[in-house]
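Novice:
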Amino acid sequence: MSNVNVSAAQMPADVIHVDRYTSGLVGPSLGMLGPLRPGGHIVTQTPPGCWSPMITPEFHGGHEVTVPVAIEGAQIGDAVVLYLEHVQAASDVSSSGVGSAIDGRYMGDPFVAKRCQNCGAESPDSYIEGIGPDAVRCRQCGAPASPFNFRHAYTCVLDREHGVALTVPEDVAAQTAANARQLHASPEHAKAHSILSFAAGNMPGVVTRVMPFLGNIGTTPSCDMPDSHNAGDFGAFLVDAPHEYGMSRDALLRHKTDGHMDCAQVREGAVLICPVKVDGAGVYLGDMHAMQGNGEVAGHATDVTSDVRLRVELIKGLCLDGPILLPVMEDLPPLARPVTAPMRAQALALAARYGADIPLEDNAPITFIGSGTTLNEATQNGLERAAAVTGLSVDEVRNRATICGSIEIGRLPGVVKVGFLCPLDILDRIGLGGVVRAQYGLA
């Protein structure tokens, strides 16, 4: 495995600019930049994820995330709070679609263990020649070497200023393929080939909205693993896998931090609270999508280069197994939105109508991320995480998610969002009361 070879500086910084990437891996052996002082900022550009790393044989994961940043004072059992202050797309064009792995060009997992079908080289160096699905070539023998191809795919041009995107026909896609890295705005030190080189054009004329978000963001897992597999669904491919990153199911559950969420609500203005499973936390990010509905049902979405600035705070002793999300207000499910003053007045009047003297609960929204091999397993995981952190019973969490919350799909096959209104005294006790009040403008 390749090591990023970075080491922590002696003095903590208030701002850390990151322009290096990990070529598909996350984990303790990569080292960390920093440390960053709590309250400081990480500023970076992230390269396009998913399809671009997927077609690059050198990569051992499906994304190209930033080198992790150490947070001063962060220890195992703490949590870091990531405030997404600026999250914007930088690409002019993107491409994605439903794909298939090509037999003979990988061993066990095409995201992780790629090989040249012609000469047998494992994770070979490669280059781009021409356009189309055979454009990725093995540098050792010159044979086509991408382990994936498209079954149905599109190229999308973006008007970022006005928030509009349009899918284009094959002839226009071919024009963008000839200038792929520039139109994809790939950062200088990004190594993945641009998927624009495939010149996909199956679905022209579709107009949609640009709503960028980060698909993979969080903290370093406590063992090395492919970045795209740091979750309970994709991570299942590592269980007893025949390559160097294979592990047991128990090890996966213990080490992962669920950074790969693909939740469209992880966008500008949101707050993400992440577990610390290695000293320093190791905050990393990548895999920005230009837009995506709930579920990422195609398996992939419109990956783009991003411009990101996030502020990092530290909460001592908040032991989490996976992330907690505080979406922006408009992204909250209707039943999970804060109770307004008029609603409280109407509720008191309703209580009086029935002769009841009921003190109204003070509560606020909170969303727990759950992951697993299926949506049912992910839902149970999210419910259990919520109960473990709040001290509520799983049954009470189920009831709250039903009448004052929601269960929503983050990604198929197995990432969900368990959101509900949680009593503020509980949020205060676990150290999240101030963060939640500030996010939703509560007194």
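So for the sequence shown, the numbering used here puts the first residue at 5; every next one is plus one. Ideal Cβ positions, reconstructed from N, Cα and C, are used throughout, including at glycine.
1. Just to confirm, are MET229 and MET251 a CB contact at a threshold of 9 Å?
2. The ligand GDP heavy atoms versus the CB of ASN403: any closer than 8 Å?
3. Cβ atoms of ASP307 and PRO61: under 9 Å apart, would you say?
4. If you draw a straight line from the C-alpha of ALA17 to the C-alpha of LEU276, how long is it?
5. Label GLN49 either buried or exposed according to how many other C-beta atoms from any shown protein chain fall within 10 Å of its C-beta, with 16 as the threshold for buried.
6. What residues in its chain sit with their C-beta under 8 Å from that of ILE135, if we drop five residues either side in the sequence?
7. Grab me the residues of ARG402's own chain with a C-beta within less than 8 Å of its C-beta, minus the 5 sequence neighbours each way, in chain order.
8. Hey, how far is the Cα of ASP262 from the Cα of HIS293?
9. Can you give the Cα-Cα distance for ALA360 and ALA349, rounded to whole angstroms?
10. Just how far apart, CA to CA, sit ASP244 and ASP163?
11. So CYS216 and VAL30 are in contact, right, with Cβ under 8 Å, and what is the actual spacing, rounded?
12. Compare the beta carbon distance of ALA189 and SER95 with 9 Å and say whether it is the shorter of the two.
13. Any idea what DSSP makes of ARG341, helix, strand or coil?
14. Within 10 Å of its beta-carbon, does PRO346 have 16 or more other beta-carbons around it, so buried, or fewer, so exposed?
15. Judging by CA-CA distance, which residue of VAL85, LEU436, VAL398 and PRO369 is the nearest neighbour of LEU40?
16. What does the alpha-carbon distance come out to for the pair ALA247 and ILE319?
17. Work out the CA separation of GLY112 and VAL343 for me, nearest whole Å.
18. For the alpha helix (DSSP H) that ALA240 lies in, which residues bound it at each end?
19. Taking the beta strand (DSSP E) that SER104 falls in, what are its first and last residues?
20. Hey, quick one: how far does the beta strand (DSSP E) through GLN384 stretch, first residue to last?
21. Is the Cβ-Cβ distance between ASP283 and GLN79 less than 9 Å?
22. With a CB to CB cut of under 6 Å and the five nearest residues on each side skipped, what residues in its chain are close to GLY81?
23. Can a CB atom of chain C be found closer than 9 Å to the CB of ALA268?
24. Which residues does DSSP list as the beta-bridge partners of GLN14?
25. If we ignore side chains and look at the alpha-carbon of each, how far apart do ARG433 and SER130 end up?
26. Along the chain, where does the beta strand (DSSP E) that runs through VAL168 open and close?
Specialist: Considering the structure as presented:
1. Yes, the pair counts as a contact, with Cβ atoms nearer than the cut-off.
2. Although the ligand GDP was asked about, the structure shown includes no ligands whatsoever.
3. PRO61 is not a Cβ neighbour of ASP307, given a cutoff of 9 Å.
4. Each residue's Cα considered, the two are about 21 Å apart.
5. Classification for GLN49: buried.
6. Here the set comprises ALA178, ALA181, ALA182, SER201, PHE202 and ALA203.
7. The beta carbon of ARG402 lies closer than 8 Å to those of LEU387 in the same chain, with the five residues before and after it left out.
8. Counting only the Cα atoms, HIS293 lies some 17 Å from ASP262.
9. Here the alpha carbons of ALA349 and ALA360 stand approximately 14 Å from one another.
10. Linking ASP244 to ASP163 through their CA atoms gives a straight-line distance of about 44 Å.
11. Inspection of the sequence shows that residue 216 is occupied by Pro rather than by Cys. At roughly 22 Å, the Cβ-Cβ gap does not stay under 8 Å, so PRO216 and VAL30 are not in contact.
12. Yes, the pair counts as a contact, with Cβ atoms nearer than the cut-off.
13. Judged by DSSP in its simplified three-state form, ARG341 adopts coil rather than helix or strand.
14. Looking at its Cβ environment, which holds fewer than 16 other Cβ atoms inside 10 Å, PRO346 is exposed.
15. The candidate whose alpha carbon is nearest that of LEU40 is VAL85.
16. It is His, not Ala, that sits at residue 247 in the sequence shown. Roughly 37 Å separates the two Cα atoms.
17. Near 50 Å, if we compare the C-alpha coordinates of GLY112 and VAL343.
18. Element bounds for ALA240: n/a, residue is neither H nor E.
19. Membership of SER104 in the beta strand (DSSP E) is indicated by the continuous run 97-105.
20. GLN384 -> not in any beta strand (DSSP E); alpha helix (DSSP H) instead, spanning 379-394.
21. In this structure, GLN79 lies closer than 9 Å to ASP283 by Cβ.
22. Excluding the 5 residues flanking it on each side, GLY81 has same chain C-beta neighbours closer than 6 Å at CYS323, in chain order.
23. Chain labels in this structure do not include chain C; a single protein chain is all it has.
24. Partner residues in a beta bridge of GLN14, as assigned by DSSP, do not exist.
25. Taking the Cα positions, ARG433 is about 53 Å away from SER130.
26. Segment 168-172, the beta strand (DSSP E) holding VAL168.
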